[in-house]
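Taken in sequence, the protein lines are chains P, F, S, D, X, R, Z and C. Heads up: the first sequence at position 132 corresponds to 126 in the working numbering, and the numbers run straight through without jumps. Heads up: the second sequence at position 104 corresponds to 98 in the working numbering, and the numbers run straight through without jumps. Heads up: the third sequence at position 81 corresponds to 75 in the working numbering, and the numbers run straight through without jumps. Heads up: the fourth sequence at position 42 corresponds to 36 in the working numbering, and the numbers run straight through without jumps. Heads up: the fifth sequence at position 127 corresponds to 121 in the working numbering, and the numbers run straight through without jumps. Heads up: the sixth sequence at position 156 corresponds to 150 in the working numbering, and the numbers run straight through without jumps. Heads up: the seventh sequence at position 71 corresponds to 65 in the working numbering, and the numbers run straight through without jumps. Heads up: the eighth sequence at position 128 corresponds to 122 in the working numbering, and the numbers run straight through without jumps.
Number of protein chains: 8
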Amino acid sequence: MKFVSIVMGSKNDYIVMNSCSKILKDFGVKYELVVSSAHRSPERTATYIQEAEAKGAQVFIAAAGMAAHLAGVLSSKTVKPIIGVPMDASALSGMDALLSTVQMPAGMPVATVAIGKAGAINSAYLAMQILALDDEELSIKLKEDRIAKAKKVEMDSMEIETIIDGNLPDPY
Amino acid sequence: MKFVSIVMGSKNDYIVMNSCSKILKDFGVKYELVVSSAHRSPERTATYIQEAEAKGAQVFIAAAGMAAHLAGVLSSKTVKPIIGVPMDASALSGMDALLSTVQMPAGMPVATVAIGKAGAINSAYLAMQILALDDEELSIKLKEDRIAKAKKVEMDSMEIETIIDGNLPDPY
Amino acid sequence: MKFVSIVMGSKNDYIVMNSCSKILKDFGVKYELVVSSAHRSPERTATYIQEAEAKGAQVFIAAAGMAAHLAGVLSSKTVKPIIGVPMDASALSGMDALLSTVQMPAGMPVATVAIGKAGAINSAYLAMQILALDDEELSIKLKEDRIAKAKKVEMDSMEIETIIDGNLPDPY
Amino acid sequence: MKFVSIVMGSKNDYIVMNSCSKILKDFGVKYELVVSSAHRSPERTATYIQEAEAKGAQVFIAAAGMAAHLAGVLSSKTVKPIIGVPMDASALSGMDALLSTVQMPAGMPVATVAIGKAGAINSAYLAMQILALDDEELSIKLKEDRIAKAKKVEMDSMEIETIIDGNLPDPY
Amino acid sequence: MKFVSIVMGSKNDYIVMNSCSKILKDFGVKYELVVSSAHRSPERTATYIQEAEAKGAQVFIAAAGMAAHLAGVLSSKTVKPIIGVPMDASALSGMDALLSTVQMPAGMPVATVAIGKAGAINSAYLAMQILALDDEELSIKLKEDRIAKAKKVEMDSMEIETIIDGNLPDPY
Amino acid sequence: MKFVSIVMGSKNDYIVMNSCSKILKDFGVKYELVVSSAHRSPERTATYIQEAEAKGAQVFIAAAGMAAHLAGVLSSKTVKPIIGVPMDASALSGMDALLSTVQMPAGMPVATVAIGKAGAINSAYLAMQILALDDEELSIKLKEDRIAKAKKVEMDSMEIETIIDGNLPDPY
Amino acid sequence: MKFVSIVMGSKNDYIVMNSCSKILKDFGVKYELVVSSAHRSPERTATYIQEAEAKGAQVFIAAAGMAAHLAGVLSSKTVKPIIGVPMDASALSGMDALLSTVQMPAGMPVATVAIGKAGAINSAYLAMQILALDDEELSIKLKEDRIAKAKKVEMDSMEIETIIDGNLPDPY
Amino acid sequence: MKFVSIVMGSKNDYIVMNSCSKILKDFGVKYELVVSSAHRSPERTATYIQEAEAKGAQVFIAAAGMAAHLAGVLSSKTVKPIIGVPMDASALSGMDALLSTVQMPAGMPVATVAIGKAGAINSAYLAMQILALDDEELSIKLKEDRIAKAKKVEMDSMEIETIIDGNLPDPY
């Protein structure tokens, strides 16, 4: 059975990564959510990735903060696509995690998304875009989501738009 | 009819960009305020800019955060001046939006102002400075505003100034 | 026919992106290489992505520098996976392009890789990892490449290793 | 007579700002090019801006490096639009000049463009976009320039494009 | 009469600069505290510095945030020493003000101190160190202050020190 | 008697460094905790390090913020290993302290750990790893701690893991 | 037999790390120098660290650039002290490697030294300081080295010193 | 006899600091130039500052790179004004030295100037501005220098100025 594996370096990352798993659930995409640290539980991480791949994991999403090595460690153990989500978990606002995730050496890619919640959400979308290459139904759902998002922008705009003579709605 | 078009990438930007529209209103400059995202509603954005230009938009103000592409997208669709306001909308304090807005390639300028509220205010002033090149009345208003600002500084100083023997007013 | 589309914002990017196309060629993966700018040729970019998708493009690789909007523009036009390669093309050493590429808003992911040549190479690998989900032959090639890379490390080490009493080979 | 005033903080900036004046000349836009430092010649700078404005300067372009105060000083002396070009003139790669130019306080805008040569070019384009609001001929020239730029992209692409089976042209 | 002139770019800076004036007062050093903006009140700033110098100002302390030009403007108008205090007044945590203050071009120095409150305090100490070159009484006070500071460290340590077997006082 | 010396530049650092001393206490490692500033009490610092070394200090942990010179000063006075903990004590989020601690010139090393609390904890672990080279009992404790940490990760994961059909536990 | 293990992520790092091994050799400290990548040869790295530890490795020095995970991977596999040397191996001047090395999570320390050659040298000194805790002879050598370094400073100064009337030696 | 003391952390800094001593010599200001490292020769540094102060040093200029502690160490030993010049001596382009120099804790100021050569020059000017408070002759020289600098700007401008019809001199 094909599914997305979400690995978090710390239990605390779930507060943010919940935004990722929720979207996968909303789209009906199967996923698995585990905690495994590149540093505190290296054996577990190595074992997990093999088992997950054997069970059918197609894409791995790795969320970690600070010197975020988790995505890189996963990348070194499989040729499945790895999506890295840098967490904002230190005084450096996630810049440490971003550089630790994206600046991978040649031949060992990590598909890096934005720091924090936007990245958590985008990791779900990116995983689905990858799965949708071979899943027409999911592809259609993603296109419908785009249309819905564009409509939402129109709704938002109508709420705010002013007529040209400048009668401004009250700020909210 | 000549007017300023304010385009925000997200409804939430209005909390900050309200400072922009308020100033235009105070100076009696006509404007239009819409939400349109470079990414979530690309067609709407493309259509809007053409319609706005046809209706008389002289200057576009684009406010966006993170990978702030909105001003750049507008810049690619018109030769009217585009003012970009980087929003502080991520863990990176608007540095991402600043660089995404200002570092435009040769031939595709975006007139970038400061991050956040100061930028929102300055986008209004910059738009008015551009319009005032052909509007003597507005030019006079801008000069009067400068005089008022300078007076305000004097008032502020009088509130705080101490005599030289150092009798300090209580901090506030 | 399935293929990878490589889009560069400028002809100059080919000096770096040649490393991407070369790897795809070495692995026997079909690709197409075009120049199209988000800002200088927005219509061409919009048209191209539709045509490429219709022709069978599965994954898009977008390389751009400075305020690198190209990957984001592609992301807004398709639900195929977009890989962004930030170019080091300004005084800011590619940090501008990195942030402009990776900090995408929620729902519009760009799979970002490292700045410059390492990123160019990794964009090819990431694209192949995605295609390999549905291409067992390619998956095997990627695994063999990993084994070769690990062997190369061993060779490199043998060239350098010293015995414990510290007889150091001459530096090179 | 209407013209663009280009003010450089140092004679050395001409090496870069020559790209600005050349474009204005190519488009037939009148300009004046002077050296005046915010710090080394403050009186000259103050006097110049008044005289230039009296002579017909519509837009000021200020190029400066390091703690680039020139654009801000001009902004404090006139309500004409000021375009700031941050020069890459220190160990900090122009980041100092960028922040010193763009982070202007509320009410005192500087229309900031990219660091270095791209910014020098864009300052010319932005100045022309502003002048074109009241100059239909210039507006048409700017639109033709866009078409030429888009065509140039097509030419660049044809030079590089490969057919889908991956016959790569030699890198250049 | 010799005194220190403290110039703040905005009334709000007094919340921080109060730490500066308080120290001068505690040491019995005469000072004057005014608000004058480099951008909003350039004439007032130019006039003030001349008058203050005529009245006996020996050292100027300039506090400003964002594109902090105030210290540089003062530096351009006098050969008295200028101390610059970068304020933390934007999303960029004072890094913009630091670079705008310290990266002055050759020949126009600003004696820059730390961002925010530590800098406000140090601007007072630096001004007193300069005045003390010609004021033995003040020099002695500064040396006594150093002794007091060193004693304070000892007191702080005694409050916290633990004996070697690790009986830790409760954290506070 | 062998012990670890913890030196803090300011009493306030104890709020964070308490995490360091607590771990040493938990592992039964003797330590001493003092306040001594590189700048405010240079003689005390110089004297202390000699006395501490004479008493048996094996490793020094130095915690300081801003222009964090404390670890460097200790490094210049002894050939015992110095561990530097950069404090997040200014507007710059500890980046100033990190660079002031880690970028030591050749021949004068400071073993730098992460900014803030994670660094405080890691300074204790690093000190123990050094002591454990000659203390088998401590080495075993450190290995047991690793096992406990790995188990904790498993427990955390079980709390969060979802079954593959996506029944997500409520976020916490 | 006790020795220092130097692990480099890439053969190219030897150009810089040669400065590390040379110092160890000069001090007569046994060492081993290998290439092993955290990402390209994860199994080799895991195997190596166990074997090295079994053979007598006391301290590990890990040199890596970009998303420098090598030191962290070693740290996760042993409780021996790990020294991390960030390499300047990308457009980001080693800032990526510094943050990837130093910002380790609580409980998994890496003793980080400066970027590049100064760090390579300091990694050797730090390793020797650690070994010297249990090696009086090495401790004396390190103290003698300090004396030599101080003498060298005096020699350098004599070469440059000028007498007070300002007769400056020619620059070199 | 009153003089300026220039202390460099390394002999190599003379290549840059030569610009400082040259200016002092040109203005007839007595100075002394020594090499003394905060870290490699701490005792020499401590002794030197006392001797220099006893001999008549009024102002100290400290030039250092990387974790530039030299100015801070001097500041902790005297209440004479200390001017810090951050050297560009590492991969981080002097940002490390800037933050290590300017971010001094409350009560221990360092008058920081720009990174590198501009800072070297400005350290001389700042020292002279301080000495000129009590030296009318020097004060006049500084004012004359300002007039000369302003004249130089005019000369530079005449070399470059174009007439308004845009006859551009050839770039140089």
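No residue lacks a Cβ here, since even glycine has one placed at the ideal position from N, Cα and C. As the structure is a computational prediction, the values presented were derived from the model and not from experiment.
Which listed residue (Leu120(Z), Lys137(Z), Leu136(Z) and Ala144(Z)) has its alpha carbon closest to that of Thr54(Z) | According to the sequence shown, residue 54(Z) is Phe rather than Thr. Looking at the Cα atoms, Leu120(Z) is the closest of the given residues.
Quick one: using the 10 Å Cβ neighbour count with 16 as the cut-off for buried, is Ala48(X) buried or exposed?
-> exposed
Could you give the uninterrupted runs of the beta strand (DSSP E) lying entirely in the segment 12 to 90 of chain R, keeping only those of 3 residues or more?
-> 25 to 29, 51 to 58 and 76 to 80
Leaving aside the five residues before and after Ser30(Z) along the sequence, list all residues of the same chain whose C-beta is less than 7 Å from its C-beta, in chain order.
-> Val1, Arg38, Thr39 and Tyr42
Would a check of beta-carbon distances place Thr39(F) closer than 7 Å to chain D?
-> no
Helix, strand or coil at Ala100(F) according to DSSP, with G and I counted as helix = coil
Three-way DSSP call (helix, strand, coil) for Ala142(F) in this model | helix
Can you list the residues of chain S that Ser133(P) reaches, using a CB-CB cut of under 7 Å?
-> Val73
Which of the residues in the segment 86 to 102 of chain R, read from start to end, lie with their CB under 8 Å from any CB of chain Z?
-> Leu92, Val96, Gln97, Met98, Pro99, Ala100, Gly101 and Met102
8 Å Cβ cut-off: residues of chain X touching Val53(R) | The contacting residues do not exist; Val53(R) stays about 14 Å from chain X at best.
Taking the continuous alpha helix (DSSP H) assigned at Ser117(S), which residues delimit it?
-> Lys111 to Ala126
Alpha carbon to alpha carbon, what distance is there between Ala105(R) and Ser117(Z)?
-> 9 Å
Is any beta-carbon of chain D found at less than 7 Å from that of Met11(X)?
-> no
Going by the CB atoms, is the gap between Met89(S) and Gly59(S) shorter than 7 Å?
-> no
If you measure from the beta carbon of Ser151(S) to each beta carbon in chain Z, is any gap under 7 Å?
-> yes
Flag Met60(R) as yes if its beta-carbon sits less than 7 Å from any beta-carbon of chain C, otherwise no.
-> yes
Just to confirm, are His63(F) and Ala85(F) a CB contact at a threshold of 7 Å?
-> no
Residues that Ala83(F) contacts on chain D, provided the C-beta gap is smaller than 8 Å = Here the premise fails: no neighbours, minimum Cβ distance about 17 Å.
Excluding the five sequence neighbours on either side, which residues of its own chain have a C-beta within less than 6 Å of the C-beta of Thr95(D), listed in chain order?
-> Ala62, Ala65, Gly78, Pro80, Val104 and Thr106
Can you name the residues that DSSP bridges to Ser(-1)(S)?
-> Glu26(S) and Phe54(S)
Comparing alpha-carbon positions, which option in Leu125(R), Leu27(R) and Ser13(R) lies nearest Ala112(R)?
-> Ser13(R)
Closer than 7 Å to chain D by CB, Pro80(X) = no
Test item: CB-CB of Gln44(R) and Leu127(Z) under 7 Å = no
At 8 Å on the CB atoms, spell out the chain R contacts of Gly110(X), in chain order.
-> Ser84 and Ala85
Is Val28(F) close to chain P, meaning its C-beta is less than 7 Å from at least one C-beta of that chain?
-> yes
Taking C-beta pairs closer than 7 Å, name the residues in chain Z that Arg140(R) reaches, listed in chain order.
-> Val73
Do the CB positions of Val28(F) and Ser151(P) come within less than 7 Å of each other?
-> yes
Shorter than 7 Å from the beta carbon of Val1(D) to some beta carbon of chain X?
-> no
Determine the chain X residues that contact Gln44(C) at a beta-carbon separation under 9 Å, and present them in chain order.
-> Per Cβ cutoff of 9 Å: no residues; Gln44(C) is ~13 Å from chain X at best.
Chain P residues whose Cβ lies nearer than 7 Å to that of Ala126(S) = Val73
Which residues of chain X have a Cβ atom closer than 9 Å to the Cβ of Ala144(F), listed in chain order?
-> Ser31, Arg34, Ser35, Pro36, Glu37 and Arg38
Taking only the alpha-carbon atoms, compute the straight-line gap between Ile76(F) and Ala56(F) and give it to the nearest angstrom.
-> 7 Å
Buried/exposed call for Ile157(X), threshold 16 Cβ in 10 Å | Residue confidence is low: Ile157(X) scores 48 on pLDDT, short of 50, so the model does not pin down where it sits. Its coordinate-derived value is still stated next. Ile157(X) comes out exposed.
Name the residue from Phe(-3)(R), Leu136(R) and Glu138(R) whose alpha carbon lies nearest to the alpha carbon of Val168(R).
-> Residue numbering for chain R in the displayed model covers -5 to 166; residue 168(R) lies beyond these limits and cannot be assessed.
By Cβ distance below 6 Å, which residues in the same chain neighbour Ser(-1)(C) in space, the five residues on each side in sequence not counted?
-> Glu26, Ala46, Ala51 and Phe54
Do Ala144(D) and Ser35(S) come within 7 Å of each other at the CB atom, strictly closer than that value?
-> yes
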